[in-house]
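Below: one structure, written as structure tokens.
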Amino acid sequence: MTPTMMVPRTEPATRPPSDGKLELLTVLRSLRPASVLDVGCGEGALLRAIAADGAVRGVGIEPEDAAADRARAAGLEVRPGRAEALPFAEDSFDVVTLEYVAHHVEHLPRALREAARVARRAVLVLDGWYDETLPSQRVMRDLDDWRKRIDRRIGMVHNPCPRPRDLIDPLLASGPLGIDYACRLELSPRSLAELEAVARRHLEAVAPSPDLAVELERILDDGRLHGCTDAGTLLLTARFP
Ligand SMILES: C[S@@+](CC[C@H](N)C(=O)[O-])C[C@H]1O[C@@H](n2cnc3c(N)ncnc32)[C@H](O)[C@@H]1O
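Going by this note's numbering, the first residue of the sequence shown is number 13, and it counts up by one from there.
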């Protein structure tokens, strides 16, 4: 579904690649694929990185025209489409990647089944992850979920970050895959004042919502008590035998 309103971003558009993205690229390169499909490729950062490797055929799927056009302007092959119905035959690519896309798709199990159908050798999934045993992480997760509730109210598909089992169960149902995953956390503190300012702007994007306002105050109180630390990453690799 296309967003019906613009909402403030929580991060600058041009931040450097995160550790998770670098890790995904490292795992991807270690698989030495001849072809890669990047689902929800956005402006094509991952495709650009693998294009620089030479012999890899990289193709992107991207439903948002503006992002797809920017990727094409950089010489990348990007087709319109959605993760839930990939316009490719079975086994079309060595590796299929979903980089920060799993929490955007309307039907995650279907998207993962599609990725496994189209992949010959492996599916890689990278997304945000919170360590719920840590109070400062629970604050950030609550804030993330709160922000996504607003986004859903204005028409976006923006779901909580997937847990490992949200990825594993549908992938295993697709066939005899070997799965490994790593949840990675570096506890970098975030400024509550900055997060609060962004959250309050976000709240203004929807009609007055007492429930959301009350929930935000609770989260901010928790943040004052426990602090806030950045999301970690979940990187999952599913390999066909
Ligand atoms: C957070 S961005 C990540 C972009 C890119 N993968 C990256 O890591 O820089 C999420 C991307 O998923 C795309 N997207 C949203 N819904 C999708 C769907 N159902 N199927 C495929 N891509 C989707 C969005 O248009 C957006 O480009």
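Ideal Cβ placement from N, Cα and C applies to all residues, glycine included.
In this text, all values refer to a predicted model and were calculated from it rather than measured experimentally.
With 16 or more neighbouring CB atoms inside 10 Å of its own CB, S148 falls in the buried class. I62 is positioned such that its CB atom lies closer than 7 Å to that of V68.
Of the candidates H116, D81 and R84, the residue whose Cα lies closest to the Cα of R94 is H116. DSSP places S30 outside both helix and strand once states are collapsed to three, so it counts as coil. Each of T241, A80, I180 and A79 was checked against the Cα of G190, and the nearest Cα belongs to I180.
For R122, same chain residues with a beta-carbon under 6 Å away, outside a window of 5 residues either side, are E96 in chain order.
With a threshold of 6 Å, the Cβ atom of P75 counts as near ligand 1, since some heavy atom of the ligand is closer than that. Leaving aside the five residues that flank L37 on each side, the residues in its chain whose CB is nearer than 6 Å to its CB run, in chain order, A61.
Distance from the CA of G87 to the CA of E55, rounded to the nearest whole angstrom, comes to 11 Å. Within the same chain, P45, A46, S47, R132 and R133 come within 6 Å of D106 by CB-CB distance, once the 5 residues on both sides are set aside.
In this structure, V151 and C240 form a Cβ contact; the two beta carbons are roughly 5 Å apart against a cut-off of 8 Å. Within the stretch 189-231, the complete beta strand (DSSP E) segments of 3 residues or longer fall at 190-196, listed in chain order.
In this structure, the beta-carbon distance from L248 to Y193 falls below 7 Å.
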